[in-house]
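Here's the structure we're looking at; comments come further down.
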Amino acid sequence: MTLSGRVINTGEVSGKATLEFYVDDEATSSAVLVLNPDQEKAFNFTWTAVVGTHTLKVAVGSTSKTVSITVAPNPKAVIHCTEIRVSPVHPVKGEEATITATVENSGDLGESVTVIIKDGTRKLAERKVDLPPGSVEKVSVTWYPSKGTHVLRVEVSGHPEAVRTSTVSVEERTSRICGPSFVVLGVAALLLVWRR
-15 MTLSGRVINT GEVSGKATLE FYVDDEATSS AVLVLNPDQE KAFNFTWTAV
35 VGTHTLKVAV GSTSKTVSIT VAPNPKAVIH CTEIRVSPVH PVKGEEATIT
85 ATVENSGDLG ESVTVIIKDG TRKLAERKVD LPPGSVEKVS VTWYPSKGTH
135 VLRVEVSGHP EAVRTSTVSV EERTSRICGP SFVVLGVAAL LLVWRR
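Its first residue numbered -15, the sequence shown is counted upward by one per residue in the numbering used here.
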């Protein structure tokens, strides 16, 4: 941050002016300017701004000028994957299931990101989404899983802190008979003999 201003020699003779720069009543730097009568000169002081409210002061001799400033944090997107949901909850081998990732921006700056959904290392979906500040978006993909344990992973481009995983077990469908079931219990044959 740069604090700029001007100083003038209102006296009738040339002289040196020692300017002192203060941040929150602590001297941080100074400069010496040589000024002729009625001469004005510009000055600049630089300071590494820190988030918060501060009092900046420039003093020369017995005069000073003070300004209060508030330094806000730089706006940024804060992206999180808040949930991975599988529907149905107990997916079956080879049958359609849906994986839904919920991605949120809790920051104060919008951002376009790419959401990647993986089954282990295999990429299932890659979708670009716009996330304005305070928004929540859902990204879904249809999945036909194999039998076994699957580690589902959601990644958000540029936000390694947003990675989320979920472990899902997939079983084969068990056969059950639903409805009437008929079984042949026995067979009998009748032999008729015809005699002439």
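Every residue, glycine too, gets a C-beta built ideally from N, C-alpha and C.
Handout entry: For residue -5 and residue 29, the rounded distance between their alpha carbons
Key = Roughly 24 Å separates the two Cα atoms.
Exercise for the section: Tell me where the beta strand (DSSP E) around residue 52 begins and ends. Expected result: Per DSSP, residue 52 belongs to the beta strand (DSSP E) from 47 to 55.
Problem - Per DSSP, the bridge partner or partners of residue 128 - result: DSSP lists no bridge partner for residue 128.
Practice task
Tell me, please, whether the stretch 89 to 109 touches the stretch 119 to 132 by the rule of three or more beta-carbon pairs shorter than 8 Å.
Solution key: A contact between stretches requires three or more CB pairs, one per stretch, nearer than 8 Å, and the stretch 89 to 109 meets this requirement with the stretch 119 to 132.
Practice task
With a 10 Å radius around its C-beta and 16 neighbouring C-beta atoms as the bar for buried, classify residue 173 as buried or exposed.
Solution key: Any reading at residue 173 must be qualified, since the residue scores a pLDDT of 49, below 50, and its modelled position is unreliable; the value itself is stated next. The residue is exposed, with fewer than 16 neighbouring Cβ atoms inside 10 Å.
Problem - Option nearest residue 43 by Cα separation, candidates 17, 53, 66 - result: Each of 17, 53, 66 was checked against the Cα of residue 43, and the nearest Cα belongs to 17.
Exercise for the section: Give, in chain order, every unbroken run of the beta strand (DSSP E) that is at least 3 residues long and sits entirely within the stretch 41 to 116. Expected result: Listed in chain order, they are 47 to 55, 63 to 71, 81 to 89, 95 to 103, 106 to 115.
Exercise for the section: Consult DSSP for residue -4 and reduce its assignment to one of helix, strand or coil. Expected result: For residue -4, the secondary structure class from DSSP, reduced to helix, strand or coil, is coil.
Handout entry: Endpoints, the beta strand (DSSP E) within which residue 30 is located
Key = Per DSSP, residue 30 belongs to the beta strand (DSSP E) from 24 to 30.
Exercise for the section: Could you check if residue 21 is buried or exposed, using at least 16 other CB atoms within 10 Å of its CB as the buried criterion? Expected result: By the 10 Å Cβ count, residue 21 comes out exposed.
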